[in-house]
Every structure is written in C-alpha cells, then in structure tokens.
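Keeping their order, the protein sequence lines are chains U and X. Just so it is clear: in the first sequence, position 128 is 128 by this note's numbering, and no numbers are missing. Just so it is clear: in the second sequence, position 73 is 73 by this note's numbering, and no numbers are missing. Here a beta-carbon is modelled for each residue, glycine too, at the ideal position from N, C-alpha and C. The structure displayed is predicted, hence computed values, not measured ones.
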Amino acid sequence: MEKFTTLSAVAAPFLQKNVDTDFIIRVERCTGTPKEQLGNYAFEMARFLPGGAENPEFVFNQPRYRGARIMVCGEFFGTGSSREMAVWAIAGMGVRCLIAPSYGQIFFSNCFQNGVLPITLPAATVEALAREAAAPEAKPFTVDLERQTINGSVRFEIGARRKKMLLEGLDEIGLTLALEPKIAAFQAADRKRRPWIYPA
Amino acid sequence: MTGRTLLDKIWDQHVVEDLGEGVQLLHVDRHLMHELSGHRGQLELRKRGIRMRDPGLTIGSMDHVVSTAPGAKGGNAAWADKMIDTFRTESRQAGVKVYDIGQDGQGIVHVVGPELGFTLPGVTLLCGDSHTCTHGALGALAWGIGTSELTHVLATQTIVQQKPKTMRARFDGQPARGVTAKDLILALIGKIGTAGGVGCAVEYAGEAIRGLDMEGRLTVCNLSIELGAKIGMIAPDGKTYDYLKGRRHAPAGALWDQALAHWQTLPSDAGARFDIEHSIDCSALAPQITWGTSPEDVIGVDGKVPGNKPEALAYMGLTAGQPIAGTRVERVFIGSCTNSRLPDLRAAAAIVRGRKAAKHVKAWVVPGSWRIKQDAEAEGLHQIFLAAGFEWREAGCSMCVGANGDLVEPLARCVSTSNRNFVGRQGPQARTHLASPEMAAAAAIAGEIVDVRQFLN
Ligand code: SF4
Chain U
1 MEKFTTLSAV
11 AAPFLQKNVD
21 TDFIIRVERC
31 TGTPKEQLGN
41 YAFEMARFLP
51 GGAENPEFVF
61 NQPRYRGARI
71 MVCGEFFGTG
81 SSREMAVWAI
91 AGMGVRCLIA
101 PSYGQIFFSN
111 CFQNGVLPIT
121 LPAATVEALA
131 REAAAPEAKP
141 FTVDLERQTI
151 NGSVRFEIGA
161 RRKKMLLEGL
171 DEIGLTLALE
181 PKIAAFQAAD
191 RKRRPWIYPA
Chain X
1 MTGRTLLDKI
11 WDQHVVEDLG
21 EGVQLLHVDR
31 HLMHELSGHR
41 GQLELRKRGI
51 RMRDPGLTIG
61 SMDHVVSTAP
71 GAKGGNAAWA
81 DKMIDTFRTE
91 SRQAGVKVYD
101 IGQDGQGIVH
111 VVGPELGFTL
121 PGVTLLCGDS
131 HTCTHGALGA
141 LAWGIGTSEL
151 THVLATQTIV
161 QQKPKTMRAR
171 FDGQPARGVT
181 AKDLILALIG
191 KIGTAGGVGC
201 AVEYAGEAIR
211 GLDMEGRLTV
221 CNLSIELGAK
231 IGMIAPDGKT
241 YDYLKGRRHA
251 PAGALWDQAL
261 AHWQTLPSDA
271 GARFDIEHSI
281 DCSALAPQIT
291 WGTSPEDVIG
301 VDGKVPGNKP
311 EALAYMGLTA
321 GQPIAGTRVE
331 RVFIGSCTNS
341 RLPDLRAAAA
351 IVRGRKAAKH
361 VKAWVVPGSW
371 RIKQDAEAEG
381 LHQIFLAAGF
391 EWREAGCSMC
401 VGANGDLVEP
411 LARCVSTSNR
421 NFVGRQGPQA
431 RTHLASPEMA
441 AAAAIAGEIV
451 DVRQFLN
C-alpha cells in the first residue's frame, strides 16, 4: 500500500450531510467495474446530468477543485453499506484525505485499508476549514500525518496503530499472519471451552 | 464491581491478542459470504497466494445478483451468472459450503444465517455486508465488513477491532395493533437520528423487545446500521433457544446442553452500565413511514410531512405540511433482510386476503429464502398474493438495492419494507418510503399511503 506521510493538495469543500455509500458509488458499478475505473463513477448521480454531461455545479467539476486530493465533508460521511468500492471510487478520483465531523463506521475502517486518511474534527473546525477551502484566494492544504496537523496549526487525533500503518504503508493481513501462533493457541484453548463452535 | 454487558462478555471471550490502545485482534467464529462481496475477497486471496484458513467456519449463499423473476435459476445477466459461477467455484475449491440457487438454505445471507442455525448466541459473526448487524438478534456479536477486512477474515479467521461504546435502547410498554417491530426501530431512528449510534454497539431491551418473536427481533437489529451503529444486539432468552433448537447448523445432543449453559451466562448483568441510554414509549406509537431520503426522516402515518429538508422533499416530490397518508404510490416491495420472513409474509397476507391491489400499483412479494418460500406456499400465502394481483417471486435481495436489475422506475413512488430510502437506492430517481409489511400491503390495496389500522378488524 502507498505510504501516507504528508500531503499538500487542493481541498474541496463538500459539506453535504449524510452522504451515503450508495450516493458515492452506485450498486451497478460495484458488480463488474474494475477497481481502477471506479473513480470515473464516483458521485455519478451528482457529478453528471441525466443526459450524461458534467454537472457544472458539482464541486469536483469546478476547475479549481478538479485536482483536489483532500475533501472537507459534512457530518456522517460514508454512511450506509459496507461496499469498499466507495473508498476505491474516491481514491480513484485521487482523494487521499477526508476531513469530517463523523463517518459511517464501516466506510471509516475501509479507508485505512486503502491508504486513505479520514480525519475526524469537531463540526465547527470542519466548517472553518471548508470556508478556507472555498475562499477565492484558497491555498492548497498541507496534511502532516507524522505531526498530526492540518496547515501546521489544526491538530487531529489518530490511533497509534493506524498512524503507523498509514505512515509505513503496512498491510493488515501481513501483520496478522505473523500472529498465527497466537491464533492457533486461541483456537486450541477455545475448542475446549466452546466445542460447538468448531466443526467436528 | 459493576456488572458486565452482553457486549463485554462476548468481546472478552474472543480476544486473541491485545494490539494496544483499545485495539484488539478478535477471533471470528462465524463468517457468512454472498456472491457480490464474497467473490471479490476470494479473488483477492487468490491474487495474494494465501489459502483460506478455516473454511469450516464459513458458509455462503447467493442473494444480491440472483434473478428473482418467477422460475428463474440464475442471474439476470451474463455478468451476474459469471459472478455467481466465480463464487461457486472459488468456494468449492476452498471447501466452503454454499447454499446454491434452488437449494434449501439459499436466500438473503441475513435471513439464512439464523434460519440454518449458523448464527448462534455468543458468537462473533462477520459478513461483507452492512446489515450483518441483523444477527445480533440472537445474542451474537455481528457486524459488516468491507472487501479488505473480508480478505483478512478468509486469511486469518480474525478481525482487528476497537471496542465500541455501549448504548442501551429500551422499548417500554406494549405497541398497539398494527404497530410492528419495524415501527419500533424506525421510531428510534427518528428520535435519535442516523448518527445517534455512531461508535456504539446498541443493546435493545425492554418489555416490547422481549415480547417480539425472533423474526421481529431480527427486524429491529437489522436497522442498527441505520442508527449509525454497526452492531445491534438482543440478549438471548427462551425464545432464542426455542428458535434455534433442531436447526441444521445448531449444536445437538450433549453439545446443545453445553452451549445452552454457556448462552445463559451471556445476558447483561443487572448492574451493568451503558455509556448511553435511550428509551421509547411504544404504547404511544402509530405505524411509521419515511417521507425523505434518510431513514431518520420518519413520521407516524397519521402525521404531516415536515419542512426541514427541502432537498429531500424535492427529490421525493412532496410538499411540506401535506399529510403523508393519501400520497399515491406506483410500487410496493415486500421483501429484503429487514422484512421477508414468514411472519412478515403472513402479516402482509392477512391484510391482502380477499382484497385486490389497486390497478395502478405493481406489487411484489420476494421471500427472504428458498425455505420461507416453500413454507409460505405450504400455507397458501402465495395464493392470497397472486389472487390480489401481486407478483410472487424467487428468494433474493431484489428491489432492496437492485443489484440484480430489479429497480423502481424513475420518479415512481414505492412503499418498501427494506431498510434504505437513500437517493437512488432503488433505482435512479426512485422515491422510497420505508414501512412495515402490513403498511406496504395496505398501500398496495389502497393505491396510496394509508394507515394500516383502517384495515384491521
Ligand atoms: S436485502 Fe438489501 S440490505 Fe439486505 S443484504 Fe440484500 S441488499 Fe443488503
């Protein structure tokens, strides 16, 4: 997985609340579309007009936000289904960092599995950052994961384990496979405690 | 010493390793797969050259992309058939038991897990689907995962997880006639909002929950994710054990006795403290129906459409202040992992019996599993629906998400027993109203949203 250390990039303000995973990526795109192409369909119901033309109103279609790699989002971003394609689609657009007051829980976990950093901050701070991103003279944001800051001043919290995984681009499956002796020991003891769990 | 919650007890019994900062590696006792998310994980595992660790602890079923057209035996398109086939082949090679199309045991994963006795009290159960919270109705610790975590489960039979906060939602009093499990949980979502449960495992308790049958409890837990909680649970009791006894994957003989003794230790202790508490007075509730594009946009069917979300109203084609009853509908969908079980179908059939669906309404009944379909037919329920002009279809997810092409037409209005009324969920520009099976059946007959209590005699 690609490491995440510091990111300096345009931030797009998108404060809509309760943006759900069905809205981020339609279910039809989750059935056969290759992972690499999902970015083309992110937010498609808002991004394109019914005829297929781009909707000029949608934030990512505005010239200044086209290359945005940071999104400043509304409350409860990514609510809804477990579809990891929602993260793949956002990542496919180039976004690597989200800033929001809260997230859908499964979506939040899925971000870390894909090298996307979802930052949680109080609503007032998120709104202030969105205003900064929307200002005519807005500059790119800098997210520094090591120091846990946005633009040098806004501090955010993140668990040490997830931070390390992002910083070093570590893969969770690899880390857990190294714990195999512990898993085997757990099952051996548990078979005695709860034999009905395991096939005979 | 303060008491421990159901969550605390199950959690502690599954810790393989403490990874620090409240993050722990938990053993996964039960893993459920369906073709849509399952095949992605299987292919990822293959790509990495890793073998599935414990195929005996996983079962699979086909639900999301299967055609539910009467008599259908596969997907509704070539890509769907290919996906089904990949899932079938990969599962066979890994040694995973799959309940295939047309077999006893096939159906929506969250319906067949309990039906087969695969879901048990006290287990950790994961599935690549957000409504895995449903299984908590049997006292399991269950939640949905994405593709990467699914691959992690296949490879290691564990999951890395931070312990959630605890919330208890108490449902006091007894609901009136016509007020169902679906109405209870919708009312709670309306009260605390779709972000009300973020970061929590919710335990549902109180007189009204104890009074529900297992199927009703499954309906309640199903919508936990719509509360923002990925976990919902109900303490196991006599009803749970009666429900499970004799089911295909449930323990039998001496193992049953041993399991039962263990299960009886699981309910939260009397003195257990929860981080957050909510309560609802059920005796005052009317049948609920959503009016907007989030499950929290819910009112009693005797209520008026509020004006606080103009965008949602524009999408739904409604005006602030109008009574929700009397709104014309074109579609009715009775199905999904929320409300497609036998008692749901019986309740809907009781409303429909001897009546006819309005001419302009296309109404579907989609049983949650192959078994439910057979059992319903044995009781003659299908005849009641067919005589009223409803379609009686094959088991699957169908119009809940439309991954199989079962969609609501643009701008058409659908009363649906499913769990999500998001923009575009049932199809581009589709307008979804969530309600109970009884309410959906009544809407089909009346041709408009109507208070089901008018149909009760
Ligand atoms: S019925 Fe709907 S909510 Fe349930 S698993 Fe299927 S698609 Fe998901």
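Cβ of residue i within 8 Å of any chain X Cβ
i        : result
U/SER153 : no
U/THR31  : yes
U/GLN105 : yes
U/GLN186 : Correcting the residue type first, residue 186 of chain U is Phe in the shown sequence and not Gln. It does: the Cβ of U/PHE186 has a partner Cβ on chain X nearer than 8 Å.
U/ASP144 : no
U/PHE60  : no
U/VAL95  : no
U/ILE173 : yes
U/LYS182 : yes
U/GLY80  : yes
U/SER102 : yes
U/LEU166 : no
U/GLU2   : no
Beta carbon of residue i nearer than 8 Å to that of residue j
i        : j        : result
U/THR176 : X/VAL160 : yes
X/THR180 : X/GLU226 : no
X/VAL301 : X/ASP451 : yes
X/GLY3   : X/ASP237 : no
X/ILE145 : U/ILE25  : no
U/LYS3   : U/GLU146 : no
X/LEU266 : X/LEU26  : no
X/GLY190 : X/GLU296 : yes
X/ALA412 : X/ARG431 : yes
X/HIS135 : U/ARG194 : no
U/PHE108 : U/LYS17  : no
X/PRO121 : X/ALA140 : yes
Rounded Cβ spacing between residue i and residue j (contact assumed at less than 8 Å)
i        : j        : result
U/VAL126 : U/ILE99  : 6 Å
X/THR119 : X/LEU138 : 5 Å
U/ASP171 : X/GLY424 : Their Cβ separation, rounded to whole angstroms, is 33 Å, which puts U/ASP171 and X/GLY424 out of contact at 8 Å.
X/THR293 : X/ALA312 : 5 Å
U/ALA9   : U/PHE141 : 7 Å
U/GLY78  : U/ALA89  : 11 Å between Cβ atoms; not a contact.
X/THR158 : X/VAL16  : 6 Å
U/PRO199 : X/GLY427 : That pair is no contact at about 41 Å.
U/ALA124 : U/PRO13  : With a Cβ gap of about 15 Å, U/ALA124 and U/PRO13 do not count as contacting.
X/MET439 : X/GLY335 : Not confirmed; about 14 Å, so no contact.
CB contact check: residue i to chain U, cutoff 8 Å
i        : result
X/GLY238 : no
X/HIS152 : yes
X/SER148 : yes
X/TRP364 : no
X/ALA259 : yes
X/TRP79  : yes
X/VAL16  : yes
X/LYS73  : no
X/GLY128 : yes
X/MET233 : no
X/SER61  : no
X/MET167 : no
X/ILE101 : no
X/GLN157 : yes
X/PRO428 : yes
X/THR194 : yes
X/ALA94  : no
Contact set between residue i and chain U, taken where Cβ atoms lie within less than 7 Å
i        : result
X/THR134 : Correct list: empty, because the minimum Cβ distance to chain U is about 13 Å.
X/VAL423 : PHE23 and MET45
Cross-chain neighbours of residue i in chain U, by beta carbon under 8 Å
i        : result
X/VAL111 : By Cβ distance, chain U contributes nothing, its closest Cβ being about 17 Å from X/VAL111, past 8 Å.
X/VAL123 : ILE197
X/HIS27  : ILE183, PHE186, GLN187 and ASP190
Chain-ordered chain X contacts of residue i [CB-CB under 7 Å]
i        : result
U/PRO199 : GLY56
U/GLY159 : GLU21 and VAL23
U/PHE14  : In chain order: nothing, as chain X lies at least about 14 Å away.
Near the ligand PLP: residue i beta-carbon under 7 Å from a heavy atom
i        : result
X/SER369 : Absence of the ligand PLP from the depicted structure is noted, with the ligand SF4 being the only ligands included.
Partner residues on chain X for residue i, Cβ-Cβ distance less than 8 Å
i        : result
U/SER109 : ILE145, GLY146 and GLU149
Interface residues of chain X facing residue i [CB-CB closer than 9 Å]
i       : result
U/PHE48 : Chain X residues near U/PHE48: none, gap ~11 Å exceeds 9 Å.
U/GLU54 : Correct list: empty, because the minimum Cβ distance to chain X is about 17 Å.
Point to revise | Validate contact between the stretch 371-382 of chain X and the stretch 356-363 of chain X using beta carbons, cut 8 Å, 3 pairs | key: The stretch 371-382 of chain X makes no contact with the stretch 356-363 of chain X: fewer than 3 CB pairs, one atom from each, lie closer than 8 Å.
Review point. Do the stretch 32-43 of chain X and the stretch 60-70 of chain X make contact, defined as three or more Cβ pairs closer than 8 Å?
Key: Touching, per the Cβ criterion.
Practice item. Examine the Cβ distances between the stretch 415-423 of chain X and the stretch 85-100 of chain X and report whether three or more of them are shorter than 8 Å. Key: Touching, no, given that fewer than three Cβ pairs across the two stretches are closer than 8 Å.
Review point. Are at least three pairs of beta-carbons, each pair with one atom in the stretch 398-411 of chain X and one in the stretch 326-335 of chain X, less than 8 Å apart?
Key: Cβ pair count under 8 Å is three or more, so yes.
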